[in-house]
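Colleague: After the structure tokens below, expect a handful of questions from me.
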Amino acid sequence: MPLLEIQKLTHRFAGLCAVSDFNFAIEPHELVGIIGPNGAGKTTVFNLITGVYRASEGSIKFEDQELVGLTPHKITRSGIARTFQNIRLFKELSVLDNVRIAHYGQIAYTPAEALLHIGRFRAEEKRITSQALDLLSIFKLDEMAGEKAKNLPYGLQRRLEIARALATKPKLLLLDEPAAGMNPNEIIQLMEFIGWIRQTFSVTIILIEHQMRLVMGICERIVVLDFGATIAAGLPAEIQNHPRVLEAYLGVEVTP
Amino acid sequence: MSNSSDTSYSALIEKWHMLTGTRLFWAVVMIAGIAFCIAVDTFDFVDLYLQLILIYVGINIILTVSLNLINGYMGEFSVGHAGFMAVGAYIASILTVHVFPPNAQNLLFPLAILAGGMAAALVGFLVAIPSFKTRGDYLAIVTLAFGMIVKSILENIDAVGGPRGLLGMEKLTTLPWVFFWTALSVWVIRNLVYSNFGRGVLSIREDEIASDLMSVNTRQVKIIAFVVSSFFAGIAGGLFAHALQFINPRMFDILKSTDILIMVYLGGIASIGGSIIGAVIYTILLEILRPLGIWRMVLMPLMLVLLMIYRPRGIMGMKEIRMFVPLRDFVTEKLWRQKKKEAGDASA
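So the protein sequences, as listed, match chains A and B.
So the first sequence is numbered by this note's numbering: it starts at 1 and just counts up by one.
So the second sequence is numbered by this note's numbering: it starts at 257 and just counts up by one.
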């Protein structure tokens with residue numbers, strides 16, 4: 001049974017069809033890449049899965065539960081977490097708080113207990129803080145726990161965003177252009193890093209990327225989008241020489 | 257030489273911070289404070305005018321801290337805080353004037369204040385609903401409209417005196433009660449800020465969409481913030497009505513909301529210590545400058561303009577006086593490192 005199954009997904013922005021008739025399925029522990037030229041609708045697919053937009057048509061099923069119509073926090077709690085193309089950390093808050101906020105759904109005390117600092121409050125805060133610090137130490141960010149997120153260097157901000165996403169305890173992790181703004185050397189490190197995350201946290205990963213090196217290097221399967229429609233899908237080697245993919249990226253040869 | 261005195265000074269500061277983080281310290285401060293207020297109230301060794309100013313300082317602290325929850329911590333811009341205050345003031349006054357028996361006024365006064373707070377909280381819940389879909393300037397307009405609605409409803413109910421207002425309250429707001437409610441509101445709002453829901457409030461200010469995607473139930477957080485904030489505005493309204501012994505709808509118009517806004521931005525957004533400083537400075541300065549007459553209203557705005565130029569985030573903007581931060585927030589990290597080190601030693 002697939003972990004995530006998308007059927008006939010279509011989304012229109014005031015007449016513009018951003019995603020049309022998109023079908024997709026991913027099995028547990030797979031690592032699949034979604035590629036395509038700018039404006040192909042890749043991020044829109046992520047926004048539809050996570051509930052930022054409500055799909056115009058079609059269905060998205062996660063572990064057999066329909067996601068279309070659910071609010072983003074409910075979808076996140078059911079086990080889907082994501083990062084963003086342009087980093088969206090809580091800039092003015094500490095690194096620790098960034099990760100603690102992602103534990104919101106896992107706290108067992110009520111607002112009344114929080115207002116009066118009674119009951120389960122102390123024990124729960126201790127548990128969440130200790131979990132968050134453990135997670136930060138896995139990502140080698142614990143030294144900066146008290147630092148404001150905006151003061152971190154770019155690479156660490158990207159890493160913190162992944163840590164924050166994993167703090168929601170996802171089964172499926174959506175990475176939106178994790179290699180944006182990285183040099184070839186950093187991309188090689190990132191490839192190892194993503195593989196390591198997949199092993200350590202045993203998550204299924206969907207990856208949006210522009211960097212062919214990264215996608216070809218680690219993805220087991222690739223889906224190519226153009227103008228909101230799937231133009232090719234298959235193994236990296238097949239995609240590399242797929243005529244329609246070359247066409248989408250490089251254009252059509254003009255025969256004189 | 258200077259180095260060693262530096263370290264001993266910082267060690268002293270550290271000791272002071274550890275002390276202010278203990279429950280015993282706060283218990284002593286609270287008991288001393290309430291004892292002082294009761295002494296002032298019974299023996300009248302402080303000038304009555306000065307007592308009244310202290311009462312206004314307390315009420316303004318409640319208003320500022322509670323508005324800071326919305327405008328500072330949540331990053332919205334509410335201009336209807338006086339509306340919640342009006343609801344609290346009217347409900348509490350109706351109870352003490354028309355409902356409660358005259359011989360049990362003192363006993364039932366806290367209940368009247370509480371009821372005023374509850375009524376305001378209920379209205380705050382209603383205002384939270386448009387905030388689900390609207391934010392920024394548009395939510396500011398919603399709160400502005402809310403303030404106007406409250407004012408015109410009150411002006412059109414003859415039972416509460418219409419535009420002439422309501423009087424007949426006894427002077428039930430005493431210094432000890434003001435101290436109690438002020439301490440309670442500061443404590444509760446601080447507790448909220450340093451909890452899971454408080455972090456949710458902050459994350460909405462930083463990035464609402466990211467917050468929702470990180471499993472924060474933004475609607476729940478907004479409801480909690482608005483209900484708590486308006487509850488305390490209602491409490492402040494009840495205290496205000498029973499300090500002045502007369503209220504009319506015009507007292508709770510946009511100018512009153514502006515006053516509270518000024519105190520918030522003077523003290524600094526997203527800071528409890530700042531809210532207290534802002535409320536104290538503004539209230540006392542207004543009194544000190546009273547002899548200047550109409551010029552006071554020229555001087556105060558001028559000071560605000562200068563403040564916004566030289567300290568655009570207010571006196572304590574986005575910073576906190578450390579005594580208001582729970583000690584736990586400082587020691588957990590330390591304890592965690594210790595534990596980690598011990599675990600490392602054990603395995604080695």
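Glycine included, C-beta positions come from ideal geometry on N, C-alpha and C.
Tell me whether P243 (chain A) sits in a helix, a strand or coil according to DSSP, three-state version.
Modeller: Looking at P243 (chain A) - three-state DSSP - the assignment turns out to be helix.
Colleague: Assuming M341 (chain B) and A439 (chain B) form a contact by the criterion Cβ under 8 Å, report the distance between their Cβ atoms to the nearest whole angstrom.
Modeller: The pair is not a contact, with the Cβ atoms about 19 Å apart (cut-off 8 Å).
Colleague: Give me the Cα-Cα distance between T514 (chain B) and G314 (chain B), rounded to the nearest whole angstrom.
Modeller: Those two C-alpha atoms are separated by around 18 Å.
Colleague: Under 8 Å, with one C-beta from each stretch per pair, do the segment 170 to 184 of chain A and the segment 123 to 136 of chain A reach the 3-pair mark?
Modeller: With a cut-off of 8 Å, the segment 123 to 136 of chain A and the segment 170 to 184 of chain A do not count as touching, because too few Cβ pairs lie within range.
Colleague: Spatial neighbours of G105 (chain A) within its chain, please: C-beta separation below 8 Å, excluding the five flanking residues on both sides.
Modeller: Excluding sequence neighbours, G105 (chain A) sits near H73, T76, R77, T168.
Colleague: Run down chain B in chain order and give the residues with a C-beta less than 7 Å from the C-beta of T50 (chain A).
Modeller: Residues of chain B passing the Cβ test: L469.
Colleague: Tell me where the alpha helix (DSSP H) around R276 (chain A) begins and ends.
Modeller: Only positions 1 to 256 of chain A appear in this structure, which leaves residue 276 (chain A) out of reach.
Colleague: So which residues of chain A does G456 (chain B) contact, with C-beta pairs closer than 8 Å?
Modeller: Ordered by position in chain A, the residues that pass the 8 Å Cβ test against G456 (chain B) are I101, Y104.
Colleague: Look at the alpha carbon of V406 (chain B) and the alpha carbon of I525 (chain B), and state the distance between them as a whole number of angstroms.
Modeller: About 26 Å.
Colleague: Quick check on Q594 (chain B): buried or exposed, where buried means 16 or more other Cβ atoms within 10 Å of its Cβ?
Modeller: Label assigned to Q594 (chain B): exposed.
Colleague: Rounding to the nearest angstrom, what Cα-Cα distance links Y450 (chain B) and L325 (chain B) in this structure?
Modeller: So the alpha carbons of these two residues sit roughly 12 Å apart.
Colleague: Residues in its own chain within less than 8 Å of I528 (chain B) by CB, not counting five upstream and five downstream?
Modeller: Closer than 8 Å at Cβ, skipping near neighbours: V321, N324, V442, I445, R446, V449, E576, I577, F580.
Colleague: Starting from A55 (chain A), follow the alpha helix (DSSP H) in both directions and report where the run begins and ends.
Modeller: Looking at the DSSP string, A55 (chain A) is not in any alpha helix (DSSP H), and its letter there is neither H nor E.
Colleague: Cβ closer than 7 Å: which chain B residues qualify as neighbours of I107 (chain A)?
Modeller: Those are N452, listed as they occur along chain B.
Colleague: In or out: W592 (chain B) buried (at least 16 other Cβ within 10 Å) or exposed?
Modeller: Counting Cβ neighbours within 10 Å, W592 (chain B) comes out buried, since at least 16 surround it.
Colleague: I'd like to know if the segment 545 to 561 of chain B and the segment 496 to 504 of chain B are in contact, where contact means that at least 3 CB-CB pairs between them fall below 8 Å.
Modeller: Taking 8 Å as the limit for Cβ pairs, the verdict is that the segment 496 to 504 of chain B does not touch the segment 545 to 561 of chain B.
Colleague: For a contact defined as C-beta to C-beta under 9 Å, what are the partners of D463 (chain B) on chain A?
Modeller: Simply R88, L89, F90, K91.
Colleague: Alpha carbon to alpha carbon, how far is G530 (chain B) from P28 (chain A)?
Modeller: Rounded to the nearest angstrom, the two C-alpha atoms are 51 Å apart.
Colleague: List the whole-angstrom C-beta distance separating I311 (chain B) from T429 (chain B), where the pair is believed to meet the contact cut-off of C-beta under 8 Å.
Modeller: Correct: roughly 6 Å between the Cβ atoms.
Colleague: What residues of chain A sit near V444 (chain B), judged by a beta carbon separation below 8 Å?
Modeller: Those within 8 Å of V444 (chain B) in chain A are L115, L116.
Colleague: Is the Cβ of A267 (chain B) closer than 8 Å to any Cβ of chain A?
Modeller: It does not; no Cβ of chain A falls within 8 Å.
Colleague: Buried or exposed for R82 (chain A), going by 16 or more other Cβ atoms inside 10 Å?
Modeller: The residue in question, R82 (chain A), is buried, as its Cβ has 16 or more Cβ neighbours within 10 Å.
Colleague: Counting only Cβ-Cβ distances shorter than 9 Å, please list the residues of the segment 110 to 140 of chain A near chain B, keeping chain order.
Modeller: Correct list: P111, E113, A114, L115, L116, H117, F121, R122, E124, E125, K126, I128, T129, S130, L133, D134, S137.
Colleague: Just curious, the beta strand (DSSP E) that E5 (chain A) is in, first and last residue?
Modeller: Element bounds for E5 (chain A): 4 to 13.
Colleague: Does the distance from the CB of I231 (chain A) to the CB of V245 (chain A) come in under 8 Å?
Modeller: It is a contact, given that the beta carbons lie within the stated cut-off.
Colleague: Just the Cα atoms here: how many angstroms apart are I239 (chain A) and F227 (chain A)?
Modeller: Approximately 17 Å, taken between the alpha carbons.
Colleague: Does the segment 394 to 411 of chain B come into contact with the segment 280 to 297 of chain B, if we say contact requires no fewer than three beta-carbon pairs (one atom in each stretch) closer than 8 Å?
Modeller: Contact fails: fewer than three Cβ-Cβ distances are below 8 Å.
Colleague: Are the C-beta atoms of W437 (chain B) and some chain A residue less than 8 Å apart?
Modeller: Chain A contact via Cβ: absent.
Colleague: Just how far apart, CA to CA, sit S258 (chain B) and I269 (chain B)?
Modeller: Because S258 (chain B) carries a pLDDT of 49, less than 50, the predicted location of this residue cannot be relied on, and the following value inherits that uncertainty. When rounded, the distance between both Cα atoms is 16 Å.
Colleague: Check whether the Cβ of F299 (chain B) lies closer than 7 Å to any heavy atom of the ligand PLP, and answer yes or no.
Modeller: This structure simply doesn't include the ligand PLP, nor any ligand for that matter.
Colleague: Check the Cβ-Cβ distances between G79 (chain A) and every residue of chain B, and say whether any is below 8 Å.
Modeller: So, not an interface residue.
Colleague: Strictly under 8 Å for the Cβ-Cβ distance: is H11 (chain A) near chain B by that measure?
Modeller: Not one chain B Cβ lies under 8 Å of H11 (chain A).
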